[in-house]
DNA sequence: AAAATACTTGACTGATTAGTCTACATAAGC
DNA sequence: GCTTATGTAGACTAATCAGTCAAGTATTTT
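Protein chains in written order, with this note's numbering: chain P, 2 to 205; chain U, 2 to 205.
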């Protein structure tokens, strides 16, 4: 087998960067190629459309983050602490991205998903699939917390979906208003949504 | 003064419809004109750019809904009930839109705001402004609920922003997954976020 | 070294884009 | 009924868009 190329990865990286910072619609194939150092021909050698590339880019991003998510939501970590660590991680990553591009970028799954949902079933399905995988982390943390009596959550899946939605709303608002404040405070909101019982808290 | 025209309204209506159902980026000036029954010349007679039209369309939508919001959040309604009524209202409206276009559309402020936020300061500012106005309804309902001892919310503005973000996340997820379920159940999530105390509830 | 596979190049197409411009129509004030 | 302000008509431009294609290059297997 002949030469190998990292172009596919460069293209998905470039696409995700541009779409995350700007949007799906304003990210042209030409711009993706330019940032990836590719020519049109290479692009369409690897992907048969912009839509297909986008799905691949989202999947690639997921794969890059999966090990990290596994660590953050490790069953060895106390369940409620998993959320705190995850929220901190996302917060820190957004701060880092802000340094590079000047804006709070939110979550690309929501931005891109919301933008294309009524028009591109392929990308929408991809977003859905990844969304569901991520919710699984929430779900099992909630189930563990429930089992330990930390919260009352008879339906962990529903609770996980609700919390996930709330969190993404907060990320979206942060993007729109270019303001991290809500994200910083989300841990408290999460406790409310989760129904953390403060019974044994040492507050006066 | 010569003839009057309802074209401006027809253009903003058409723009909002198309952008809500699809997206800002995929809604072309030509498409807006076609739906409004206008020609290019009329469009650029009333608006100097697509961006400016969009801001006007969002403001027009706000004006159309304001009286309704005032009624839903009337101080004569018990504060927590205001939220229930509002959530019901939005739910019903989305169901109605779904019948017309086949999709759950979420909130245009979030979809459009998230899409253009890093690229169009004019539209972003408009979204921000309307967003803030809407949060005011939440805020005063929360303040009233707190005063009546229904919830504990020492910082009504922060609580309102948090709840608003959670709600919009839920609307966005409903759009992406084309599923009303989360919206139907949001009232319960809202009670958690608000910290409604069930102390006097008549449950077993 | 030949052949086959894997990838790159970049000019090209035809459609669509936002926005411009000039000529024209309509209605109210005089 | 003439003028004037308000609005309409639609052809036009120049840029950009996603996507195509035929010719070429590099690398590995045989």
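Glycine included, each C-beta is placed from N, C-alpha and C at the ideal position.
Chain U contact for residue i (CB, 8 Å cutoff)
i	result
residue 177/P	yes
residue 173/P	yes
residue 116/P	yes
residue 89/P	no
residue 52/P	no
residue 55/P	no
residue 12/P	no
Residue i: contacting residues in chain U (beta-carbon distance under 9 Å)
i	result
residue 125/P	177, 178 and 179
Cβ of residue i within 8 Å of any chain P Cβ
i	result
residue 188/U	no
residue 122/U	no
residue 59/U	no
residue 6/U	no
residue 81/U	no
residue 73/U	no
residue 201/U	With a pLDDT of 47 at residue 201/U, under the threshold of 50, the modelled position of that residue is not reliable, and no figure is offered here.
Burial state of residue i, where buried means 16 or more other Cβ atoms lie within 10 Å
i	result
residue 38/U	exposed
residue 204/P	Model confidence at residue 204/P stands at a pLDDT of 42, short of 50, so the residue's coordinates are unreliable; what they give is reported in the following sentence. It is exposed - the Cβ of residue 204/P has fewer than 16 other Cβ atoms within 10 Å.
residue 5/U	exposed
residue 122/U	exposed
residue 137/P	exposed
residue 64/P	exposed
residue 46/U	exposed
residue 198/P	exposed
residue 35/U	exposed
residue 112/U	buried
residue 72/P	exposed
residue 82/U	exposed
residue 190/U	buried
residue 62/U	buried
residue 96/P	exposed
residue 126/U	exposed
residue 170/P	buried
residue 150/U	exposed
Rounded straight-line distance, which links the Cα of residue j to that of residue i
i	j	result
residue 118/P	residue 148/U	42 Å
residue 186/P	residue 94/P	16 Å
residue 132/U	residue 109/P	21 Å
residue 154/U	residue 58/P	42 Å
residue 14/P	residue 79/U	51 Å
residue 12/P	residue 102/P	19 Å
residue 99/P	residue 77/U	44 Å
residue 159/P	residue 31/U	43 Å
residue 175/P	residue 183/P	7 Å
residue 115/P	residue 69/P	25 Å
residue 195/U	residue 106/P	27 Å
residue 162/P	residue 140/P	8 Å
residue 201/P	residue 142/P	The pLDDT assigned to residue 201/P is 48, lower than 50, so where the model puts this residue is not dependable; a value taken from the coordinates is nonetheless given after this. One C-alpha to the other measures close to 20 Å.
residue 144/P	residue 23/P	37 Å
residue 89/U	residue 55/U	27 Å
residue 42/P	residue 120/P	26 Å
residue 166/P	residue 129/P	13 Å
residue 40/U	residue 7/U	14 Å
residue 33/U	residue 135/P	38 Å
residue 208/U	residue 29/U	This structure cannot speak to residue 208/U, because chain U is shown only from 2 to 205.
residue 19/U	residue 188/P	36 Å
residue 48/U	residue 21/U	19 Å
residue 16/P	residue 172/P	21 Å
residue 52/U	residue 104/P	20 Å
residue 60/P	residue 177/U	17 Å
Where residue i meets chain U, residues with beta-carbon distance less than 7 Å
i	result
residue 99/P	Neighbours of residue 99/P on chain U: none; closest Cβ ~11 Å, over 7 Å.
residue 193/P	193, 194 and 196
Cross-chain neighbours of residue i in chain P, by beta carbon under 8 Å
i	result
residue 93/U	Result: empty, since nearest Cβ-Cβ is about 20 Å, beyond 8 Å.
residue 1/U	There is simply no residue 1/U to check, as chain U begins at 2 and stops at 205 in what is shown.
residue 129/U	177 and 178
Proximal residues of chain U, C-beta to C-beta of residue i below 8 Å
i	result
residue 104/P	118 and 119
**Request:** Can you give me, in chain order, the residues of the segment 140-168 of chain P that have a beta carbon less than 8 Å from any beta carbon in chain U?
**Result:** Going along the segment 140-168 of chain P in chain order, one finds 159, 162, 163, 165, 166, 167 and 168 with a Cβ nearer than 8 Å to chain U.
**Request:** Pull out every residue of the segment 17-42 of chain P whose Cβ sits closer than 9 Å to any Cβ of chain U, in chain order.
**Result:** Near chain U, meaning a CB-to-CB distance below 9 Å, the residues of the segment 17-42 of chain P are 22, 23, 24, 25, 26 and 27.
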